[in-house]
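Quick notes on the structure that follows.
Numbering (the working numbering), first residue to last: 541 to 766.
Set out below in structure tokens:
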């Protein structure tokens, strides 16, 4: 029985992944590294303690992850000052439908609390969640399971009774490791074979989520919308 849905934020609730990837690449190149879109994609939702060593393994020990990350944040802030936070399609409709079904909702994001709270408040949905769980609340970020395990404890639901909604392989892996049923809403990339094996379902956008949850809560129903 699904009792709660826990959402990733970037790429699921807000349309920011395209900027994160773009400015990771630009920041890396400004520091003299041949960073490409593929490198930005591979660190989506990846905690800094893992992203830094990964990028150093690609570009060498001279890759100054903290400095490049600071520059990426500066570029991102400039972008969002111009465009504001763009909400992903069907966010409000999905949250309203889940609430009407009596389903708890939460956020589990790789973003820190200050920025996550600001972003969600700007688009008017912060108060629609039972809990907002952020990367700086747990020891190990995604793809480790800590953030989803902590989110489940905070909303007082067992992982097997929760569905995670993710858009990136690192997020999917985090949720699956925590024992949640995991749904992917692809943003910048479709799931590869390894990621797809961890999914309960892959849906085109959030408009399909309430119907999927209803189907999953029908007795003896097996989630097959892959």
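Even glycine gets a Cβ: it sits at the ideal position worked out from N, Cα and C.
Since this is a predicted model, take the numbers as computed values, not measurements.
Per-residue DSSP class, three states only, for residue i
| i | result |
| --- | --- |
| residue 737 | coil |
| residue 601 | coil |
| residue 648 | strand |
| residue 687 | helix |
| residue 584 | coil |
| residue 722 | strand |
| residue 631 | helix |
Burial state of residue i, where buried means 16 or more other Cβ atoms lie within 10 Å
| i | result |
| --- | --- |
| residue 654 | exposed |
| residue 576 | exposed |
| residue 640 | exposed |
| residue 485 | The shown model of the chain, from 541 to 766, leaves out residue 485, and the question about it has no answer. |
| residue 700 | exposed |
| residue 610 | exposed |
| residue 612 | buried |
| residue 541 | exposed |
Reference residue i; option with closest CA among the options
| i | options | result |
| --- | --- | --- |
| residue 579 | 599, 587 and 571 | 599 |
| residue 720 | 688, 640, 727 and 745 | 688 |
| residue 706 | 662, 669 and 745 | 745 |
Bridge partners - residue i, DSSP secondary structure assignment
| i | result |
| --- | --- |
| residue 692 | Answer is none; residue 692 lacks a bridge partner. |
| residue 569 | Looking at the DSSP assignment, residue 569 forms no beta bridge with any residue, so it has no partner. |
| residue 547 | 647 and 705 |
| residue 672 | 647 |
| residue 554 | 550 and 627 |
Same chain, Cβ closer than 6 Å to residue i, neighbours up to 5 away in sequence not counted
| i | result |
| --- | --- |
| residue 680 | 686 |
| residue 596 | 603 |
| residue 727 | 551, 557 and 707 |
Sequence-distant residues of the same chain with beta carbon closer than 8 Å to residue i, five excluded per side
| i | result |
| --- | --- |
| residue 672 | 646, 647, 649, 653, 656, 657, 660 and 666 |
Close beta carbons around residue i, own chain, < 7 Å, minus the five adjacent residues each side
| i | result |
| --- | --- |
| residue 585 | 548, 650, 682, 708, 710 and 711 |
| residue 566 | 615 |
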